[in-house]
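Engineer: These protein sequences, in sequence, are chains A and B.
Residues 1043 to 1445 (this note's numbering) are what the first sequence spells out, left to right.
Residues 21 to 380 (this note's numbering) are what the second sequence spells out, left to right.
C-beta atoms are modelled at their ideal positions from N, C-alpha and C, and glycine is treated no differently.
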Amino acid sequence: MERPIYLDYQATTPCDPRVVEVMLPYFTQEFGNPHSRSHVYGWRAEEVIENAREKTAKLINADPKALIFTSGATESNNLAIKGVAYFYKEKKDHIITCVTEHKCVLNSCRQLEQEGFKVTYLPVQPNGIIDLQHLKEAITEKTTLVSIMAVNNEIGVIQPLAEIGKICREKGVLFHTDAAQAVGKIPMDVEAMNIDLLSISGHKLYGPKGIGALYVRRKPRVRLVPLISGGGQERGMRSGTLSPSLCVGLGEACAIAHEEMVTESTRLKVLRDHLYQVIKTELEEVYLNGDLEQRIPGNLNLSFAYVEGEGLMMGIKDLAVSSGSACTSASLEPSYVLRALGVEEEMAHTSLRLGLGRFTTIEEVDIAAQKIIKEVNRLRDMSPLWEMTREGINLKSIKWAAH
Amino acid sequence: MIYLDYNASTPLRPQAQDALLAVLGMTGNPSSPHRMGRDLRSLIDRARKEILESIEGERLIFTSGGTEANALALSNAKGLPVLVSSIEHESVLKASHNPTLIPVTQEGKVDMEQLDVLLSSFSQPGLLSLMLVNNETGVIQPVREVACLAKAKGWMVHTDASQALGHVPLSFKELGVDLLTLSSHKCGGPIGVGALVTKKDFPLNPLIRGGGQEYGMRAGTLSAPLIVGFAAAVKEALKDSSVQLQRWQQKIETSLSAAVVYGKKVFRVSHVICLGMPGVSAEIQLMAFDLKGIAISAGAACSSGTMKASHVLTAMGLSEKEARCAIRVSMGWKTHEEEIDRFIQEWQYIYAQYQLKEAS
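1) Are there 16 or more other CB atoms within 10 angstroms of the CB of B/D221, so buried, or fewer, so exposed?
2) Closest to A/S1078 by CA distance: which of B/E73, B/M46, B/N27 is it?
3) In or out: A/V1061 buried (at least 16 other Cβ within 10 Å) or exposed?
4) Please confirm whether A/L1148 and A/A1127 have their CB atoms less than 7 Å apart.
5) Using a Cβ-Cβ distance under 7 Å, would A/H1081 count as near chain B?
6) Let me know the beta strand (DSSP E) ranges lying completely inside the region 44–73 of chain B, each 3 residues or longer, listed in chain order.
7) For A/Y1163, collect the residues of the same chain with a Cβ closer than 7 Å to its Cβ; drop the 5 residues on either side in sequence, then sort them by chain order.
8) Give the residues from the region 1048–1062 of chain A that approach chain B closer than 7 Å (Cβ to any Cβ), ordered along the chain.
9) Would you grab the beta carbon distance between B/A372 and B/A346 for me? Rounded to a whole angstrom, and I think it's under 8 Å.
10) Taking C-alpha atoms, which residue in A/L1239, A/K1359, A/G1351, A/G1357 lies nearest to A/E1375?
11) How about A/V1267 and A/F1129: do their beta carbons lie closer than 7 Å?
12) Using a Cβ-Cβ distance under 7 Å, would B/R229 count as near chain C?
13) Quick check: what's the CA-CA separation for A/A1108 versus A/R1260?
14) Please find out if some non-hydrogen atom of the ligand PLP comes closer than 6 Å to the beta-carbon of A/R1422.
15) Any Cβ of chain B within less than 7 Å of the Cβ of A/N1436?
16) Could you give the C-beta distance for A/S1285 and B/I211, rounded to a whole number, given that I count them as a contact under 8 Å?
17) So what's B/S323 in DSSP terms, helix, strand or just coil?
18) Assign A/R1152 to one of three DSSP states: helix, strand, or coil.
19) For chain B, find out if any of its Cβ atoms is closer than 7 Å to the Cβ of A/N1343; answer yes or no.
20) Quick one: Cα of A/T1219 to Cα of A/I1270, how far?
21) Run the CB neighbour count on A/N1236, radius 10 Å, all protein chains shown included, and call it buried at 16 or more, exposed below.
22) So, does the CB of B/H54 fall closer than 7 Å to a CB anywhere in chain A?
23) What are the residues in the region 1146–1158 of chain A lying within 7 Å of chain B by C-beta distance?
24) Tell me, please, whether the CB atom of B/Q266 is closer than 7 Å to any CB atom in chain A?
25) Would you check if there are 3 or more beta carbon pairs closer than 8 Å linking the region 233–242 of chain B to the region 115–130 of chain B?
26) Taking all protein chains shown into account, do 16 or more other C-beta atoms lie within 10 angstroms of the C-beta of B/G99, making it buried, or fewer, making it exposed?
27) Could you give the DSSP three-state label for A/T1402: helix, strand or coil?
28) Note down, in chain order, every chain A residue with its Cβ under 7 Å from the Cβ of B/Q35.
29) For my contact list, A/V1169 and A/Q1052 are in at a C-beta cut-off of 8 Å; report their separation, rounded to the angstrom.
30) Could you confirm whether any beta carbon from chain B is found closer than 7 Å to the beta carbon of A/S1281?
31) What residues in the region 1261–1274 of chain A have a beta carbon less than 8 Å from any beta carbon of chain B?
32) Closest to A/I1197 by CA distance: which of A/L1317, A/A1362, A/E1143, A/V1264 is it?
33) Consult DSSP for B/V3 and reduce its assignment to one of helix, strand or coil.
34) Counting C-beta neighbours from all protein chains within 10 Å, is the total for B/N118 16 or more, i.e. buried, or is it exposed?
35) Under the three-state reduction of DSSP, which class applies to B/I122: helix, strand or coil?
36) Since B/T87 and A/G1282 are thought to touch, with beta carbons under 8 Å apart, how far apart are those beta carbons, to the nearest angstrom?
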């Protein structure tokens, strides 16, 4: 069996060979604890880490000193939300987030609720984007933090970050954004967007797994309570030995993304639009989930009416795609993100997330489109519901009898 | 350059490097249900099983390293009394608010009598954390006895075994603890991964929540390359023989008759020596050794540039002044005998120079 066609770039991206190449010496030749102060092994390791920090910060227009390395975006999000909430809890106890956030944001908020904090979960419009008026109305004197993701991991829609940042700044509320799916894909600028905290994931931008970063604004200074204490690394906000190889990998991945973002976005948009056009032309009753315009170029999320979701996944086994977020996709619950857009349960079950990225080719896109079209047609041919619809019967009007 | 700072970080073992590099190029998220995800998942599960079997553990949660594993282990103690030895690593000392410190003897071993008194002084049991091997002196702590004593009184027991794996026999089952920390880069695996080994049904309070990975105890996408590298390093570390290291340890100690060896009278691991050079501050020694091309340290690698007296040595009853004259020499799988000889020679040279200066 040949390798499946990889169309799951929102779950993870392959580590770019150029990134692997710069990481290798730090696995094979260099060693030492970057926090060792008494010898050259430590100094050298520290130097490469600081260099990587600069490259990473540059991609989001941040002061390198304001960037701390973590084990990944999940940790960054936990640290940003809980860390800020705990630090300011004497004065303020209200957090605002949104229903379509990643599980790690939602579960951090749930934990805070259990501990007595108040959390507002903003709804989204049918296109997946929050209503800024709702946000303005939700902010109170007790609000510490607004945490809204930059780009949704399932439907790829981009939230109006600059506007959210402006509102938060005016109201004196901190703004955190989970930018795991955004950094390296769309321009991010912590200054222009008034972002106070920003989470980065290494493996979502062609870097290694096991590393991420959190931007924590220094001017004006944002404070937080660390999740992990100890040696006091990362300005006391995150203890633990840093891995030079992983840091170098993240830095290189950011440098490449910075260099290639514009041309790569254009290329991906062509591929994505082509994929969508081919499917839409060949199949009826295909629905796009999430806004088409306010969306990263590498994402398509489609629901296919009158097919059975599990069957569809089985039928396209040689495509590596996802029917939901990677963490929850092994379960059979319909995606909470799609449900939040108002997508009905059956339609959520038959959705596919098609993630395109740096190594996706037009040939792969064509093969994938044909496989999906063939499988949807095959499943519909077997479906009595599809047949009834074709005959003009309104399925909603039927009263199904129990046996 | 001669590297004698294995306790700060151990060079990646070739077997760990091979295992890691073989997986580094693989695509996929181990949480994804499709085949590319499942392939990575099975590599991770195999690594998990191998590590667990080799230390007779029950459940293993991968973390970003020993520091995070320690934080997770102590996360469960909220509102309960916490007892930790006074010589723990900072990541344990700072993982809870106001822990009660268990004193140690002059030799750097936890004081069992005092512990017994302390345990009886609490009206309710809590969590006790005692490291298996001290990172600065190499002194082996009586974890099994302490666990026995504390468990009988209803306490939860954690041990930080970051510096122990490969240096002392390590069995989770025999130690009788509830929680055990492992660090990959302290045994020759990659930096950036570690584990908390737990009893199967042991309740934890997750620090990092999200996608429900690691039994819901630690969210975040797992890195298969780091994990397989870690497992390969564990396997190799357990094969290590301490005979040669022990010989070198003795060689250093007998050759340097002017040196003070801390923890000398009790059981220690054979790859670490905490060595005092009377009258010469560690800062001066480290600079002199660095000029001679020898990399060592004065204790834990910490974030601040300032050199404080080691809390481990002051807990053993040393004065600040004495403690400031101690360095830590740690050896490992790549060390050669010539490097040990060079170290001995340079130590003697530095000390002789100091004596000359004093005399003039």
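Structural biologist: To lay it out plainly:
1) Exposed, because fewer than 16 other Cβ atoms sit within 10 Å of the Cβ of B/D221.
2) For the set B/E73, B/M46, B/N27, the Cα lying nearest the Cα of A/S1078 is the one of B/N27.
3) Buried, since its Cβ has 16 or more Cβ neighbours within 10 Å.
4) No. Outside cutoff.
5) For A/H1081, the nearest beta carbon of chain B is closer than 7 Å to its own beta carbon.
6) The qualifying runs do not exist here; there are none.
7) So the qualifying residues of the chain are T1139, C1140, V1141.
8) Those residues of the region 1048–1062 of chain A that come within reach of chain B (Cβ to Cβ, closer than 7 Å) are Y1048, D1050, A1053, T1054, P1056, C1057, V1062.
9) With a Cβ gap of about 19 Å, B/A372 and B/A346 do not count as contacting.
10) Cα-wise, what sits closest to A/E1375 is A/G1351.
11) Going by C-beta atoms, A/V1267 is nearer than 7 Å to A/F1129.
12) No chain C is part of this structure, whose protein chains are labelled A and B.
13) Cα to Cα, the separation comes out at about 6 Å.
14) Looking for the ligand PLP in the displayed structure turns up nothing, as the structure carries no ligands at all.
15) Chain B contact via Cβ: absent.
16) A/S1285 to B/I211, Cβ: 4 Å. Contact.
17) Residue confidence for B/S323 is low, a pLDDT of 45 falling below 50, so the modelled location carries little weight and cannot support an answer.
18) A/R1152 sits in a helix when the DSSP states are folded into three classes.
19) Not an interface residue.
20) Straight-line Cα distance between these residues: approximately 21 Å.
21) Buried, since its Cβ has 16 or more Cβ neighbours within 10 Å.
22) Yes, contact with chain A.
23) Sequence-ordered contacts of the region 1146–1158 of chain A with chain B read C1146, N1149, S1150, Q1153 [C-beta pairs closer than 7 Å].
24) B/Q266 does not count as touching chain A.
25) By the Cβ test, the region 233–242 of chain B is not in contact with the region 115–130 of chain B, since fewer than three Cβ pairs between them sit closer than 8 Å.
26) So B/G99 ends up on the exposed side.
27) Note: A/T1402 maps to coil in three-state DSSP.
28) By Cβ distance, chain A contributes nothing, its closest Cβ being about 13 Å from B/Q35, past 7 Å.
29) The residue you asked about is not Val; residue 1169 of chain A is Asn in the sequence shown. Not confirmed; about 18 Å, so no contact.
30) True, the Cβ-Cβ gap to chain B drops below 7 Å.
31) Legend: CB atoms of the region 1261–1274 of chain A lying less than 8 Å from CB atoms of chain B belong to residues L1269, I1270, S1271, G1272, G1273, G1274.
32) Nearest C-alpha to A/I1197: A/E1143.
33) Any question about residue 3 of chain B goes unanswered here, given that chain B covers just 21 to 380.
34) By the 10 Å Cβ count, B/N118 comes out exposed.
35) Three-state result, B/I122: strand.
36) Indeed they touch by this definition, with Cβ atoms about 4 Å apart.
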